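Quick note on UniProt numbering: the sequence shown kicks off at 1 and runs consecutively. Structure record follows, encoded as structure tokens.
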Amino acid sequence: MASDGFTTCLWFDGRAEEAAQHYVSIFKNSRLGRITHYTGVEPGGPAGSVLTVEFEANGQKFVGLNGGPEFTFNEAISFQVHCADQDEVDYYWSKLSEGGEEGPCGWVKDKFGVSWQVVPTVLLDMIGDADPRRAKRAIEAMMKMGKLDIAALQAAYDGA
């Protein structure tokens, strides 16, 4: 059986195309794909309005579905954006929080209500350190932050 992986379906209330264009504008290796429209037979939207938008963001496959107001996003599902350096953290934090909400510990909710974790990859190494004292210091520092600050995390991790 052939498979080309997973596609994440995101349920929107009429803003799927806007969201897809937004994500494609932020992430590298992104593109818009097929757009389907309501035919008037299915419930949910008027004939001719956008039903689904396929897109890739950072190489990940998504489909945005204009399903209506019945379901909304919450923090139980989030997407981690792994960042190589502080410039990337700053960029993604700024772009994803615009019109949305900044949260604690690197979390941000975008203007569509989708939750993201903007995470420097070095933090994953820090909290996975075999020395529990170093890992604990990094986690304690992270817990006091909104947008993550790599230099401050490194200082805490090093015990400075």
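Where a beta carbon is used, it is the ideal one built from N, C-alpha and C, also for glycine. Small disclaimer: the values here were computed from a predicted structure and weren't measured.
CA-CA distance, residue 187 and N58?
The chain is shown from 1 up to 160; residue 187 falls before or after that span and cannot be answered.
For T8, which of G64, Q117 and D131 has the nearest alpha-carbon?
In the sequence shown, the residue the question calls residue 8 occupies position 8. Closest by alpha carbon: G64.
Take the Cβ of V41 as the centre, count every other Cβ of all protein chains shown within 10 Å, and call the residue buried at 16 or more, exposed below.
Position 41 of the sequence shown, counting from 1, holds the residue named residue 41. Per the 10 Å Cβ criterion, exposed.
Does the region 114-128 come into contact with the region 80-96, if we say contact requires no fewer than three beta-carbon pairs (one atom in each stretch) closer than 8 Å?
yes
Note the first and the last residue of the continuous beta strand (DSSP E) segment covering V49.
For the purposes of this step, residue 49 is taken as the residue at position 49 of the sequence shown. First, the residue type needs correcting, since residue 49 is Ser and not Val in the sequence shown. Run containing S49: none; DSSP gives neither H nor E here.
Using a Cβ-Cβ cutoff of less than 8 Å, which residues in the same chain neighbour I35 once the five nearest sequence positions on both sides are dropped?
Working through the sequence shown from its first residue, we reach residue 35 at position 35. So the list reads E17, V50, T52, V53 and E54, once near-sequence residues are dropped.
Per-residue DSSP class, three states only, for E18
By one-based count along the sequence shown, residue 18 stands at place 18. DSSP places E18 in helix when its eight states are reduced to three.
Determine the direct distance from the alpha carbon of G128 to that of F62, and round the result to whole angstroms.
Position 62 of the sequence shown, counting from 1, holds the residue named residue 62. Position 128 of the sequence shown, counting from 1, holds the residue named residue 128. Those two C-alpha atoms are separated by around 30 Å.
So, is N66 buried or exposed, given that buried needs 16 or more other C-beta atoms within 10 angstroms?
Here residue 66 refers to the residue found at position 66 when the sequence shown is read from its first residue. Per the 10 Å Cβ criterion, buried.
What does DSSP give as the partner residue(s) for W107 in the beta ladder?
Numbered from 1 along the sequence shown, position 107 holds the residue referred to as residue 107. In DSSP, W107 forms a bridge with Q117.
If we cut at 8 Å on Cβ distances, does A141 have a partner in chain C?
Looking at the structure shown, chain C is missing, and only one protein chain is on hand.
Report buried or exposed for F12, applying the criterion of at least 16 other Cβ atoms within 10 angstroms of its Cβ.
In the sequence shown, counting from the first residue as 1, residue 12 sits at position 12. That one is buried.
Going by DSSP, name the residue or residues bridged to E54.
Position 54 of the sequence shown, counting from 1, holds the residue named residue 54. Bridge partners of E54: V63.
Excluding the 5 residues preceding and the 5 following E56 in the sequence, name in chain order all residues of the same chain whose CB lies nearer than 6 Å to its CB.
In the sequence shown, the residue the question calls residue 56 occupies position 56. Only S30 and R31 meet the Cβ criterion.
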